[in-house]
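Participant:
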Amino acid sequence: MSSDVIAKMINKDGIQILINLNGYTKGARNEIFAMQPAPIQVSYMGFPGTTGADYIDYLVTDEFVSPLRYAHIYSEKLVHLPHCYFVNDYKQKNRDVLDPHCQHKRSDYGLPEDKFIFACFNQLYKMDPEIFNTWCNILKRVPNSALWLLRFPAAGETRLRAYAAAQGVQPEQIIFTGVAMKHEHIRRSALADLCLDTPLCNAHTTGTDVLWAGLPMVTLPLEKMATRVAGSLCLATGLGEEMIVNSMKEYEERAVSLALNSLKLQALTNKLKAARLTCPLFDTARWVRNLERSYFKMWNLYCSGQQPQHFKVTENDFDFPYNR
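So in UniProt numbering, spot 112 of the sequence shown is number 112, and the numbers just go up one at a time.
(1) Rounded to whole angstroms, what is the Cα-Cα separation between Lys-91 and Ile-32?
(2) Within the continuous beta strand (DSSP E) that includes His-80, where are the two ends?
(3) I need the DSSP call for Tyr-295, collapsed to helix, strand or coil.
(4) Compute the distance between the beta-carbons of Met-217 and Thr-134, then report whether it is under 8 Å.
(5) With a CB to CB cut of under 7 Å and the five nearest residues on each side skipped, what residues in its chain are close to Thr-314?
(6) Can you give me the Cβ contacts of Lys-8 inside the same chain, cut-off strictly under 8 Å, excluding the 5 residues immediately before and after it?
(7) Would you kindly work out how many angstroms separate the C-alpha atoms of Asn-11 and Leu-18, rounded to a whole number?
(8) Alpha carbon to alpha carbon, how far is Ala-255 from Ile-138? Give it in angstroms, no decimals.
(9) Could you check whether Leu-196 and Phe-176 sit closer than 8 Å to each other, using their CB atoms as the reference points?
(10) Suppose you measure from the CA of Leu-191 to the CA of Asn-323; what does that come to, to the nearest Å?
(11) Less than 8 Å between the beta carbons of Val-229 and Pro-39, yes or no?
(12) Who does Asn-133 pair with in a DSSP beta bridge?
(13) Is Leu-272 near Gly-231, with beta carbons less than 8 Å apart?
(14) To the nearest whole angstrom, what separates the beta carbons of Trp-212 and Val-65, a pair I think is in contact under 8 Å?
(15) In the DSSP output, what is Tyr-58 paired with across the bridge?
(16) For the beta strand (DSSP E) that contains Leu-272, what are its first and last residues?
(17) Quick one, which of Arg-187, Cys-84, Gln-170 has its alpha-carbon nearest Lys-105's?
(18) When burial is assigned at 16 or more other CB atoms within 10 Å of the CB, is Cys-303 buried or exposed?
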């Protein structure tokens, strides 16, 4: 169906709030939004950054991912949800991950039983030389350790192995496996000991995957939205201070410290696993209520003749009702 036909249908149906879930990603239909078929148009989820488009009124985000001090780099008005803006439904679809009797073994995937395994399951394009050099330093400082990566894509394996070798990393310290189906991927993530995030473009879905699997991570937030998502995920577990660092040097030291202090890492892992059923990150119903609160606020501003504006959603039913 052509974009102009879709835009006319949206307008005829009286859609009040139109959500753009793609932004500048595959499958986007931004031309529909450019025709402004709805009075309120919102960017959410698919594109972690500003659209730079004057026809998008709001960006649904949170205070950590898009602090007001960085509002000048966004064309949209910022809607801050109370907790992490990134929604998931693991509690409904992947509860078996919580069952200790249904866990995979490292041998199921050819992973070494005797090594400390760092892991990064992000697509390889999210890496840059600085973070990979840091990973190499970590591997050289932690005895009997390895880094588990995905062939995502497979073409990257040869180059990354060669690069690591040039940095003095032993061949057996770099482990590649294929990309798995979602359910299996989440379950096998728990076989690693610590997840290492990519600062320039964070783990988003993959970050939520590992946290639901009970795997702690180390993440370094920068300024842009895509660099701060993993930090927001960690904060929404209630354990952000133990997983968020402020510099690349601290990133390396935190990873090494956790790897060399098994009691400290086990305590963090246990706290993360215990938080999964109670923390805001995995409370889908709570997230939905808060998103609905934001929609009512947007609509009330519009109906009162006010221009779009930054606002923070609270879980106060009087100030931010989520139903009529």
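Every residue gets a Cβ at the ideal spot worked out from N, C-alpha and C, and that includes glycine.
Facilitator: The structure says:
(1) 34 Å
(2) 77 to 81
(3) helix
(4) no
(5) Pro-82, Phe-320
(6) Pro-37
(7) 10 Å
(8) Going from the Cα of Ile-138 to the Cα of Ala-255 covers about 7 Å.
(9) Not a contact, by the Cβ cut-off of 8 Å.
(10) 42 Å
(11) no
(12) Paired residues: none, contrary to the question.
(13) No, the pair does not count as a contact, with Cβ atoms beyond the cut-off.
(14) Actually they do not touch by this definition, with Cβ atoms about 19 Å apart.
(15) Val-42, Lys-77
(16) No beta strand (DSSP E) contains Leu-272, which is instead part of the alpha helix (DSSP H) from 262 to 275.
(17) For Lys-105, the nearest C-alpha among the options comes from Arg-187.
(18) exposed
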